[in-house]
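First the structure, in the form of structure tokens, and then the observations on it.
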Amino acid sequence: MNNFEMINFIVKNAMFSINENLKNQNEYEAKIQAKFLRPKNNESKFRGNVTIDFEFGDNNTDIDLKLKVVATFKLKNEEVEIKNDLFEKECLPIALKELRKTIANVTTAYGLPPLDLPIDETININD
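Those letters in the sequence shown? Residues 0 to 126, by numbering that gives the first Met the number 0.
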């Protein structure tokens with residue numbers, strides 16, 4: 000059973016460029032970093048955010064995509080205490096699923112085939 004519900008998912012920053020002068024690449028590097036943040040005020044003690052920084056490619060490849068997204072979650076049951084390991088285990092997979100959809104939508108909007116990356120929860124987490 001999941002103790003959290005995602006109540007918001009927004010793109011805070013986005014940068015996407017295609018360099019047609021460079022030949023198509025066969026290999027790209029993707030970097031993902033996630034942070035778990037909780038508001039400090041008591042009225043928001045049942046909420047938390049997952050901030051994800053995503054980078055795909057760079058200035059030396061034909062595709063350069065950078066996104067910063069924030070997923071906001073709230074506890075379904077306010078009797079459960081928010082602990083980082085529980086939050087990471089339950090909320091990060093949901094946030095990553097939304098990130099995958101966003102990446103596919105961005106690449107499709109630029110006329111490219113949807114970029115469907117094998118993103119999973121084995122990423123660098125900073126509390």
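Just so you know, even glycine gets a beta-carbon here, dropped at the ideal spot from N, CA and C.
Considering only the beta carbon of each residue, do Phe3 and Phe72 sit closer than 8 Å? Along the sequence shown, one-based indexing puts residue 3 at 4. Along the sequence shown, one-based indexing puts residue 72 at 73. For Phe3 and Phe72, yes; Cβs fall inside 8 Å.
My output table needs one value for Thr60: the three-state DSSP class, helix, strand or coil. Position 61 of the sequence shown, counted from the first residue, corresponds to residue 60. Three-state result, Thr60: coil.
For the stretch 105-119 and the stretch 73-90, state whether three or more C-beta atom pairs, one from each stretch, are separated by less than 8 Å. no
Val79 (DSSP reduced to helix, strand or coil): Here the question's residue 79 lines up with position 80 in the sequence shown. Note: Val79 maps to coil in three-state DSSP.
Please classify Asp126: is it buried, with 16 or more other beta-carbons within 10 angstroms of its beta-carbon, or exposed? Indexing the sequence shown from 1 puts residue 126 at position 127. Low confidence applies here, because Asp126 scores a pLDDT of 44, under 50, leaving its location unreliable and the question unanswered by this model.
Other residues of its chain near Phe45: CB distance less than 6 Å, five sequence neighbours each side excluded: By 1-based counting over the sequence shown, the position of residue 45 is 46. These residues qualify, in order along the chain: Lys73, Leu74 and Glu77.
My guess is that Arg99 and Leu111 are in contact by the Cβ rule of under 8 Å, so how many angstroms apart are they, rounded? As a first step, residue 99 must be located in the sequence shown, where it is residue number 100. As a first step, residue 111 must be located in the sequence shown, where it is residue number 112. The Cβ separation is near 15 Å, so there is no contact.
Is the beta carbon of Ala13 closer than 8 Å to that of Val49? Working through the sequence shown from its first residue, we reach residue 49 at position 50. Working through the sequence shown from its first residue, we reach residue 13 at position 14. No. Outside cutoff.
Buried/exposed call for Val68, threshold 16 Cβ in 10 Å: Start at 1 with the first residue of the sequence shown, and residue 68 comes out as number 69. In the assembly as shown, Val68 is a buried residue. Its beta-carbon has 16 or more other beta-carbons within 10 Å.
Would you kindly work out how many angstroms separate the C-alpha atoms of Phe55 and Leu66, rounded to a whole number? For the purposes of this step, residue 55 is taken as residue 56 along the sequence shown, with counting starting at 1. For the purposes of this step, residue 66 is taken as residue 67 along the sequence shown, with counting starting at 1. Cα-Cα distance, rounded: 9 Å.
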